[in-house]
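Number of protein chains: 2
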Amino acid sequence: MNRIAKLLKTKYPIVQGPMAGITLGEFASTVSEAGGLGVIASAGLSPEKLKEEIEKVKNRTDKPFAVNIPIYQPGSEKNLETALKADVGIIYTSAGSPEKYTERVKESGAKVIHKVSRLKEGLKAEKAGVDAVVAMGFEAGGIIGRSGVTSFCLIPELADNLSIPVVAAGGIADERGFAAALILGAEGVEIGTRLLATKECPVPESIKQAILKATCDSTMVIESPVVMRALKPELSGDSENPALGGQVSGLIKEILTVEEVIRKIAEGLNKAKF
Amino acid sequence: MNRIAKLLKTKYPIVQGPMAGITLGEFASTVSEAGGLGVIASAGLSPEKLKEEIEKVKNRTDKPFAVNIPIYQPGSEKNLETALKADVGIIYTSAGSPEKYTERVKESGAKVIHKVSRLKEGLKAEKAGVDAVVAMGFEAGGIIGRSGVTSFCLIPELADNLSIPVVAAGGIADERGFAAALILGAEGVEIGTRLLATKECPVPESIKQAILKATCDSTMVIESPVVMRALKPELSGDSENPALGGQVSGLIKEILTVEEVIRKIAEGLNKAKF
Chain A
21 MNRIAKLLKT KYPIVQGPMA GITLGEFAST VSEAGGLGVI ASAGLSPEKL
71 KEEIEKVKNR TDKPFAVNIP IYQPGSEKNL ETALKADVGI IYTSAGSPEK
121 YTERVKESGA KVIHKVSRLK EGLKAEKAGV DAVVAMGFEA GGIIGRSGVT
171 SFCLIPELAD NLSIPVVAAG GIADERGFAA ALILGAEGVE IGTRLLATKE
221 CPVPESIKQA ILKATCDSTM VIESPVVMRA LKPELSGDSE NPALGGQVSG
271 LIKEILTVEE VIRKIAEGLN KAKF
Chain B
21 MNRIAKLLKT KYPIVQGPMA GITLGEFAST VSEAGGLGVI ASAGLSPEKL
71 KEEIEKVKNR TDKPFAVNIP IYQPGSEKNL ETALKADVGI IYTSAGSPEK
121 YTERVKESGA KVIHKVSRLK EGLKAEKAGV DAVVAMGFEA GGIIGRSGVT
171 SFCLIPELAD NLSIPVVAAG GIADERGFAA ALILGAEGVE IGTRLLATKE
221 CPVPESIKQA ILKATCDSTM VIESPVVMRA LKPELSGDSE NPALGGQVSG
271 LIKEILTVEE VIRKIAEGLN KAKF
């Protein structure tokens, strides 16, 4: 068992990418039940609503799950307190300074992982005391930071320079990506876009179909106000609200269940060869 | 032996990235002698000068080598004819339509590989009849195309959709990158930036030192007129002529000989684990 599976206490070292408005209690519990780490996205939720979503997970599974706290979001402090009070074992911070909440989380006894997109942020997160970092490569969907560093370079750079374990995010949709990330030095992976194209995912069918049609160059980078990667509007059919998604969309060719996605990635690992 | 080593007839499926003004006859022959495919960059050379550089390689090694022809460059057609007349076995086209020269190269009996940065270009190159494609990820140094697709996504996308073999370029400096590229579906790799920081490389010492100091986010994308990745000027100390280099600079921590670089990457493969 590697350090990430041990830290998260999950069957597989696979973390579900938090997606605002999408990965709430129902979806997160499905991922946790499948052996990954389900993550409730707290962005946009009131503390009351977050509490409800946490209860939903607890009613559906006794497996570990996390709550994502995007630090820059208004209300993030109240949501953090809500999660800690509800005894959520893992807090996943992102989009802000790791120093802001790390001490508070650790003092409560919970674990904290933090998302970074360049070495400097990784070193800062380690110094702040986080238990693991998520390395967000430029190819990822959603908020990607400004560094532009890709998974191929960011994973080994963080693995070489940090003592805490690294989870790779961006570019991973199947067992090949999982194996490549581990070879480059990650001890776990985060799966985002691949989980959008699942039967259980509560996004409009048009977004799932857009992912199936996409090639890897069907995404674009937007700034509003943070830097994000989304599907090009000609694909998702909505230019006002572009659907967030990663370059890895081009590798996704069928809609599966969450359980099938997680199992294929985790158990296919042994088929990956060089 | 995989299809790329067979096609190139080299000891290892490792191609040296062509770098204008740097990888001429002397450097290319050193790479070929070390078991990789040395590549003379013809950009900026007159046909007479190119002929001289080809002779230099032939005088120094009997191993296979290639000439890179950036298609968009003025004079590329004359340089192509010079290379074919000198019986160079492998032509490496880039930066332009693969249709322009492929038929001519094939008709001469030489092999042709072509650099692409998105699926559409890969399909076009295969249709044009090239023997292999080089998948140039966004993290690579030098000319990178406009797609922005990273190695993590581009390699498997091309491998899944083409019948011809794929060589991965961008993000590879050690055996971990080599193994990850093979796992993602490549059959060979191209090494550029890692070969800049070698004892034999005829670039100013300041550029080699800049690479050693770099982190993976020490590069920037410039357009003039093609899209290129270069080291940030604060690193290379020259804001008028930025030194081209890839994100992988951040993983390069010592100056080695060309032979050491190639051997470490090729023979370290078996140490790579997941």
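Taken in order, these protein sequences are the chains called A and B. If you read the first sequence in my numbering, its first letter stands for residue 21, the second for the next number, and so on. If you read the second sequence in my numbering, its first letter stands for residue 21, the second for the next number, and so on. Where a beta carbon is used, it is the ideal one built from N, C-alpha and C, also for glycine.
Asked, Found
"The stretch 73-81 of chain A / the stretch 243-259 of chain A touching (three or more Cβ pairs under 8 Å)", "no"
"Contact residues within the stretch 165-177 of chain B, judged by C-beta distance below 8 Å to chain A", "S167, G168, V169, T170, S171, F172, C173, L174, P176 and E177"
"Beta-carbon proximity check, I133(A) vs D151(A), cutoff 8 Å", "yes"
"Collapsed DSSP secondary structure at E68(B) in the structure displayed", "helix"
"Where the stretch 256-273 of chain B meets chain A: residues whose CB sits under 7 Å from a CB there", "Q267, V268, G270 and L271"
"Chain B contact residues for A48(A), given Cβ-Cβ distances below 8 Å", "None at all; the shortest Cβ gap to chain B is about 25 Å."
"Euclidean distance between Cα positions of V268(A) and A193(B)", "23 Å"
"Limits of the alpha helix (DSSP H) - the one that Q36(A) falls within", "Q36(A) -> not in any alpha helix (DSSP H); beta strand (DSSP E) instead, spanning I34 to Q36."
"Any chain B beta carbon closer than 8 Å to R196(A)", "yes"
"C-alpha gap between Y112(A) and K144(A), whole angstroms", "16 Å"
"Cβ shell of L255(B) (< 7 Å), same chain only, five flanking positions each side left out", "A230, K233, A234 and S238"
"N99(A) (DSSP reduced to helix, strand or coil)", "helix"
"Contacting residues, own chain, Cβ-Cβ under 7 Å from Y92(A) (five flanking each side not counted)", "A115 and G116"
"I192(A) in three-state terms, based on DSSP", "coil"
"Alpha carbon of P185(B) to alpha carbon of A199(A), nearest angstrom", "20 Å"
"Interfacial residues, the stretch 223-234 of chain B to chain A, with Cβ spacing under 7 Å", "none"
"Candidates I203(B), V241(B) and K284(B): closest to R214(B) by CA position", "K284(B)"
"Proximal chain A residues relative to C337(B), where beta-carbon distance stays under 8 Å", "The structure shown does not extend to residue 337(B), since chain B spans only 21 to 294, so no value can be given for it."
"Inter-residue Cα distance where the pair is Q301(B) and F294(B)", "Nothing can be reported for residue 301(B), as the shown portion of chain B is limited to 21 through 294."
"Supposed contact pair P253(A) and S259(A) - C-beta distance, whole angstroms, cut 8 Å", "4 Å"
"Range covered by the alpha helix (DSSP H) that runs through I231(A)", "E225 to K233"
"Chain A contact residues for L215(B), given Cβ-Cβ distances below 8 Å", "Near L215(B) there are no residues of chain A at all, since even the closest Cβ is about 16 Å away, more than 8 Å."
"Which listed residue (Y32(A), G205(A) and P224(A)) has its alpha carbon closest to that of N261(A)", "P224(A)"
"DSSP-derived helix/strand/coil call for N261(A)", "coil"
"Distance, E159(B) Cα to S167(A) Cα", "11 Å"
"The beta strand (DSSP E) enclosing E243(B), as first and last residue numbers", "T239 to E243"
"Residue-chain proximity (G191(A), chain B), Cβ-Cβ < 8 Å", "yes"
"Euclidean distance between Cα positions of P67(A) and L27(A)", "26 Å"
"G197(A) in three-state terms, based on DSSP", "helix"
"A40(A) to I42(B) span [Cα, whole Å]", "48 Å"
"Residue-chain proximity (F158(A), chain B), Cβ-Cβ < 8 Å", "yes"
"Terminal residues of the alpha helix (DSSP H) in which E274(B) lies", "Here E274(B) belongs to no alpha helix (DSSP H), and DSSP marks it neither H nor E."
"Contact with chain A by F294(B), beta-carbon distance below 8 Å", "yes"
"Residue from E210(B), L276(B) and N79(B) whose Cα sits closest to the Cα of V187(B)", "E210(B)"
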